[in-house]
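Have a look at the structure below before the remarks.
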Amino acid sequence: MSIPTSYDAATVLQPNQATLLVLLLERIGDWFTVEGPLRRSSSARRAIEKLSDSTGSGRLRRKSKLLTRIAVTLAAVAAMVLGASAPAMAASIDVHNWRTNPELCRYGCATNRNLIMFWQSILWVDDLDYQIGNGFIDGGFGSNTEAKTRRWQREFGLGDDGRVGPNTWGKADALRDIRPVNCANDPTDVAWKDCYYYDDGRILWYAWNVYTNGWRFTHPVSGEVFYLR
Numbered sequence: 181m182s183i184p185t186s187y188d189a190a191t192v193l194q195p196n197q198a199t200l201l202v203l204l205l206e207r208i209g210d211w212f213t214v215e216g217p218l219r220r221s222s223s224a225r226r227a228i229e230k231l232s233d234s235t236g237s238g239r240l241r242r243k244s245k246l247l248t249r250i251a252v253t254l255a256a257v258a259a260m261v262l263g264a265s266a267p268a269m270a271a272s273i274d275v276h277n278w279r280t281n282p283e284l285c286r287y288g289c290a291t292n293r294n295l296i297m298f299w300q301s302i303l304w305v306d307d308l309d310y311q312i313g314n315g316f317i318d319g320g321f322g323s324n325t326e327a328k329t330r331r332w333q334r335e336f337g338l339g340d341d342g343r344v345g346p347n348t349w350g351k352a353d354a355l356r357d358i359r360p361v362n363c364a365n366d367p368t369d370v371a372w373k374d375c376y377y378y379d380d381g382r383i384l385w386y387a388w389n390v391y392t393n394g395w396r397f398t399h400p401v402s403g404e405v406f407y408l409r
């Protein structure tokens with residue numbers, strides 16, 4: 181794959197394309213030039229603003245990150261672009277307000293594997309201590325997931341009870357401004373809007389169905405697609 185060194189601001193990129201471009205540049209490239217102004221609401225602008233230098237010159241400097249993450253990220257992107265599929269499995273999850281999602285915890289809470297994997301994927305993306313490996317997202321809410329949840333809660337100013345309740349779900353929803361209105365239309369299927377949760381070189385792709393309000397997400401490591409209702 182050739183790595184471009186410039187981007188024409190008139191080109192419309194889908195969020196997955198813009199993000200993939202940034203992910204490649206921050207590991208492989210040195211400088212990247214944006215030709216022309218970016219629209220304030222454009223997916224490309226949202227994806228690359230975080231890498232802009234402080235001078236506002238329109239040049240982007242790569243960040244020093246762990247190179248080993250690029251293979252995992254590309255696998256997840258490829259799975260979404262190619263439309264990977266998996267059997268539908270339902271969970272009760274509100275497309276418009278994550279605070280009302282079922283509570284997750286080690287004992288006595290929702291046990292839906294897909295919903296737990298979705299939460300584990302968020303923890304995997306943020307990876308606050310750079311200690312969450314690729315085998316972490318397994319759909320089981322055990323002691324490790326509880327400990328990582330407590331760490332996540334402390335980082336973002338929440339009570340560290342290890343339970344993913346309304347405050348924790350709400351914080352995850354607000355942190356990345358991942359609201360359905362900010363998702364982009366899937367160019368291959370008008371029924372779906374594609375979204376992403378991104379941090380520090382890791383990315384979680386998910387989408388919501390505009391007709392059924394159903395959700396699906398791509399396992400960041402395996403590339404499998406799982407469904408949330």
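The sequence shown lines up with residues 181 to 409 when you count with our numbering. Each residue gets a CB set at the ideal place from its N, CA and C atoms; glycine is no exception.
query	result
Buried versus exposed call for Leu-408 [16 or more other C-beta atoms within 10 Å across all chains shown]	buried
Beta-bridge pairing of Ile-383 - partner residues as DSSP gives them	Tyr-378
Nearest-angstrom Cβ-Cβ length linking Asn-347 and Leu-355, presumed shorter than 8 Å	In fact, because the Cβ distance is near 12 Å, the residues do not count as touching under 8 Å.
Distance CB(Trp-385)-CB(Tyr-376) smaller than 9 Å	yes
Reduced DSSP secondary structure (H/G/I, E/B, other) of Arg-330	helix
Selected residue, minimal CA-CA separation from Thr-392, among Phe-298, Val-370, Trp-278, Arg-382	Val-370
Residues bridged to Val-405 (per DSSP)	Thr-398
Whether Thr-280 touches Trp-299 by CB criterion (9 Å)	no
Per-residue burial, Pro-400 [other beta carbons within 10 Å of its own, 16 or more giving buried]	buried
Reduced DSSP category for Ala-290 - H, G, I as helix; E, B as strand; rest coil	coil
Cβ distance (whole Å) where Cys-285 is taken to contact Gly-320 below 8 Å	About 12 Å; that fails the 8 Å criterion.
Where Gln-333 falls, given that 16 or more other Cβ within 10 Å makes a residue buried	buried
For Asn-365, three-class secondary structure by DSSP	strand
For Trp-372, the residue or residues it bridges with in DSSP	Asn-389
Distance between Thr-398 and Thr-291 (C-alpha atoms, nearest Å)	19 Å
According to DSSP, residues forming a beta bridge with Val-305	Partner(s): none; Val-305 has no beta bridge.
DSSP-derived helix/strand/coil call for Leu-338	coil
Distance, Cys-289 Cα to Asp-210 Cα	Residue confidence is low: Asp-210 scores 43 on pLDDT, short of 50, so the model does not pin down where it sits. Its coordinate-derived value is still stated next. Approximately 47 Å between the Cα atoms of the pair.
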